[in-house]
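Protein sequence lines correspond, in order, to chains A and B. In terms of numbering that gives the first Met the number 0, the first sequence opens at residue 0 and continues consecutively. In terms of numbering that gives the first Met the number 0, the second sequence opens at residue 0 and continues consecutively.
Number of protein chains: 2
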Amino acid sequence: MGAINKKGRQTFIFADPPCIISWASIVGPKEGEGPWSDDFDQILPDYLWGEASWEKTESKMLREAAKLALSKQGLQTSDIELMVAGDLLNQITSSNYAAREIAVPFLGLYGACSTMAESLLVAAAMVDGGYCERVLAATSSHHYSAERQYRAPVEQGVQRVPSSQWTATAAGAVILQKGGSGPRLSCATVGKVIDMGQTDAANMGAAMAPAAVDTIKAHFQETGRPHDYYDLVVTGDLAAVGLSVARELFVRVGLVPSPNFSDCGVLLYDGLQDVDSGGSGCGCSACMLTGPFLRKVAGGEMRNILLVSTGALMSPTTTFQKESIPAIAHAVAIENI
Amino acid sequence: MGAINKKGRQTFIFADPPCIISWASIVGPKEGEGPWSDDFDQILPDYLWGEASWEKTESKMLREAAKLALSKQGLQTSDIELMVAGDLLNQITSSNYAAREIAVPFLGLYGACSTMAESLLVAAAMVDGGYCERVLAATSSHHYSAERQYRAPVEQGVQRVPSSQWTATAAGAVILQKGGSGPRLSCATVGKVIDMGQTDAANMGAAMAPAAVDTIKAHFQETGRPHDYYDLVVTGDLAAVGLSVARELFVRVGLVPSPNFSDCGVLLYDGLQDVDSGGSGCGCSACMLTGPFLRKVAGGEMRNILLVSTGALMSPTTTFQKESIPAIAHAVAIENI
């Protein structure tokens with residue numbers, strides 16, 4: 000059972016931290032050209048992977064990442080009691096169609112690019128709370144399905160701006176279990192929706208940075224952990240522009256979150272992939288977690304990380320209606336304990 | 000702490016069932032003309048409620064229903080530790096923008112019209128699991144925001160078919176608390192995604208009926224409760240066509256779920272509102288729960304109900320791509336104990 004979350008507190012402390020017993024990542028060609036090619040389980044040869052549409056490909060990526068995470072431990076879909084997943088597509092269809100094939104009890108989430116952390120924290124609460132023994136948390140994004148839904152047909156060749164982010168083609172899946180071996184999910188901080196009035200949908204990093212800082216600040220205040228507790232504090236996908244905004248905000252609130260503070264949108268690619276400000280999409284923090292980060296924590300190269308996946312919660316409709324961009328960030332602490 | 004959910008089981012049994020200490024409903028003009036006008040807290044005079052778009056109205060309905068549920072118990076938004084919500088709009092913007100104003104830790108869900116039950120079961124697990132003392136679960140739908148997103152501009156006057164359902168303009172909010180007085184949420188059955196190959200988006204009831212039957216069957220099998228345990232077993236929004244399919248499927252699986260088995264989509268309107276097969280939308284089961292049902296359970300008119308909110312998980316994009324319609328149903332047992 001979790002410690003009672005005191006009134007006004009955002010952090011869930013898991014009394015018996017669930018084990019991350021397995022994980023898997025599947026990424027697109029561009030992500031496979033970046034610095035982490037050896038860390039991903041599978042790099043797709045093209046953007047369709049034998050499917051008739053990008054949407055079908057994205058759903059297949061999520062489904063296959065989940066099955067791969069299971070198979071690494073010799074598990075079947077029938078060995079999990081709950082699947083918690085979401086994605087960027089309208090009505091989270093990538094997750095819904097994957098859940099149809101996986102055919103276990105399913106909770107659909109929507110947290111935009113914060114979904115990897117959101118799904119992990121819900122999954123961890125279901126395990127630690129005593130409702131499930133083993134839960135799958137997963138998410139995905141696909142560059143081309145996202146572009147045509149959120150922006151413009153890619154064939155149109157709309158000019159990108161320097162603050163633009165590149166939606167990653169990537170899926171990540173994590174299996175959490177009561178007991179076992181592997182890194183543990185020790186606590187999680189649930190984010191609030193923060194909106195500082197930013198209206199430029201081509202600069203989501205700046206819209207999300209205040210949410211990331213708010214959640215990280217709450218996490219350190221509520222856990223009482225020193226600023227150098229984590230070997231890595233890493234935001235979801237602020238990318239270069241958003242990361243610089245976050246660094247400035249940290250100075251203002253008097254917090255240095257870690258000597259090693261970075262962002263998945265900055266780390267996913269190197270300078271050769273022409274992604275403007277950096278990566279984004281649910282798959283961005285998902286594949287960095289299920290690629291390099293979990294390998295490093297499990298292998299002892301890092302003791303622990305705080306993954307702070309960030310999401311911009313607008314839609315094309317609300318942008319047309321001149322609304323500003325609300326954002327959220329959820330944090331999960333993953334430790335080799 | 001919840002009893003351990005045995006492998007392969009879908010039902011969470013809450014050891015200390017959370018109390019439903021407050022609830023509120025806000026509905027549109029058409030819903031206010033139906034048989035339950037005295038049960039709703041607020042009936043809107045028109046579909047805009049002073050806002051500039053239907054989307055903004057829907058978000059306001061969700062936000063105001065939440066605030067009304069809080070104010071009935073003299074609570075402020077700062078008295079809740081978590082908000083769990085979702086809706087039908089792309090990127091669940093009604094919920095996101097409401098969460099921005101309510102400004103507490105937020106988990107966004109997507110379960111289409113199953114969201115009322117999904118949000119209640121997640122909220123109940125967070126309270127019973129020991130992570131929160133008081134949680135808000137809420138959802139909404141708006142006929143005109145849904146029509147233009149899912150179907151066609153209403154100005155176009157597209158002909159409806161007899162199996163069409165009318166998306167309810169309605170929002171419901173429920174406050175769950177550890178201890179206190181009020182009906183309790185004793186257990187919940189998490190649904191699986193079920194797809195029987197139905198492809199007609201104008202007949203969602205038939206697509207959802209197998210999911211409802213699957214979840215209800217699992218609920219009775221796993222809890223061992225007799226078929227007449229509940230005073231009412233009520234599906235979310237199968238409407239008339241879907242309800243008749245469900246009744247047929249129950250005969251095939253040899254289950255009579257209750258002498259009083261009905262559907263929120265059938266009950267919400269009477270014969271005068273020209274809604275074809277009946278109601279649908281997240282708000283349909285939400286306003287029936289927070290209107291008549293909770294009043295009847297709290298007042299002793301009914302001992303208990305099993306609310307089985309049902310969702311069709313397709314999107315216009317997947318329909319264009321010739322995918323069939325996956326569906327899900329989540330069940331929550333609400334009892335006067």
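Even for Gly, the Cβ is constructed at its ideal location relative to N, Cα and C. Note that the structure is a prediction, hence the values are computed from the model and not measured.
Euclidean distance between Cα positions of residue i and residue j
i	j	result
Gly338(A)	Leu312(A)	No answer is possible for residue 338(A): the residues shown for chain A start at 0 and end at 336.
Val244(A)	Pro325(A)	16 Å
Leu306(A)	Gly107(B)	18 Å
Ile136(A)	Ser24(A)	Just to set this straight, residue 136(A) is Ala in the shown sequence, not Ile. Approximately 12 Å between the Cα atoms of the pair.
Pro104(A)	Gly253(A)	44 Å
Met115(B)	Pro16(B)	18 Å
Ser70(A)	Glu100(A)	15 Å
Ala102(A)	Thr92(A)	15 Å
Pro161(B)	Ala239(B)	10 Å
Ser36(A)	Gly270(A)	15 Å
Asp213(B)	Asp236(B)	15 Å
Gln164(A)	Ala200(A)	10 Å
Pro256(A)	Lys216(A)	8 Å
Thr317(A)	Gly110(A)	16 Å
Ser308(A)	Gly282(A)	10 Å
Arg8(A)	Trp48(A)	44 Å
Ala330(A)	Ile174(B)	25 Å
Ser118(B)	Met125(B)	11 Å
Asn259(A)	Gly290(A)	18 Å
Arg183(B)	Glu300(B)	15 Å
Asp273(B)	Lys321(B)	30 Å
Collapsed DSSP secondary structure at residue i in the structure displayed
i	result
Asn303(A)	strand
Gly277(A)	strand
Glu50(A)	coil
Phe39(B)	coil
Ala330(A)	strand
Phe105(A)	strand
Phe11(A)	strand
Leu338(B)	Look at the range of chain B in this structure, 0 to 336, and you will see that residue 338(B) is not part of it.
Cys131(A)	coil
Arg246(A)	helix
Asp230(A)	coil
Gly27(A)	coil
Gln164(A)	strand
Ile337(A)	Nothing can be reported for residue 337(A), as the shown portion of chain A is limited to 0 through 336.
Arg147(B)	helix
Arg224(B)	coil
Met115(B)	helix
Ile324(A)	coil
Buried/exposed call for residue i, threshold 16 Cβ in 10 Å
i	result
Arg251(B)	exposed
Met86(B)	According to the sequence as given, residue 86(B) is Asp; it is not Met. Buried.
Ala151(A)	exposed
Glu247(A)	exposed
Glu154(A)	exposed
Lys59(A)	buried
Gly1(B)	Summary for Gly1(B): the model assigns pLDDT 49, below 50, so the residue's position carries little reliability, and this model does not support an answer.
Ile339(A)	Residue 339(A) lies beyond the residue range present for chain A, which begins at 0 and ends at 336; the question has no answer from this structure.
Phe319(A)	exposed
Gly264(B)	buried
Gln341(A)	Past the edges of chain A, shown from 0 to 336, lies residue 341(A), and the structure says nothing about it.
Ala14(A)	exposed
Asp45(A)	exposed
Gly171(A)	buried
Ile337(B)	Nothing can be reported for residue 337(B): it is not among the residues displayed for chain B, which extend from 0 to 336.
Gly156(A)	exposed
Lys29(A)	buried
Reference residue i; option with closest CA among the options
i	options	result
Leu81(A)	Leu74(B), Thr10(B), Lys59(B), His141(B)	Thr10(B)
Lys191(B)	Tyr228(A), Glu132(A), Thr166(A), Ala98(A)	Ala98(A)
Cys112(A)	Gln158(A), Ser139(A), Glu132(A)	Ser139(A)
Ala208(B)	Gly31(B), Ser261(B), Asp230(B), Glu300(B)	Ser261(B)
Val232(A)	Gly33(A), Asp38(A), Ala328(A)	Ala328(A)
Val296(A)	Tyr229(A), Ser276(A), Gly264(A)	Tyr229(A)
Gly178(A)	Pro291(A), Ala123(A), Cys286(A)	Ala123(A)
Met287(A)	Glu63(A), Ala169(A), Lys55(A), Asn89(A)	Ala169(A)
Val26(A)	Asn335(A), Pro315(A), Ile12(A), Gly280(A)	Gly280(A)
Tyr268(A)	Ser144(A), Ile79(A), Thr166(A), Thr222(A)	Thr166(A)
Near the ligand GDP: residue i beta-carbon under 7 Å from a heavy atom
i	result
Ala51(A)	The ligand GDP is absent from the structure shown, which contains no ligands of any kind.
- Taking contact to mean at least 3 C-beta pairs separated by less than 8 Å, is the stretch 295-305 of chain A in contact with the stretch 62-76 of chain B? no
- Query: Looking at C-beta atoms only, is the number of pairs between the stretch 176-194 of chain A and the stretch 216-225 of chain A that lie closer than 8 Å three or more?
  - Reply: yes
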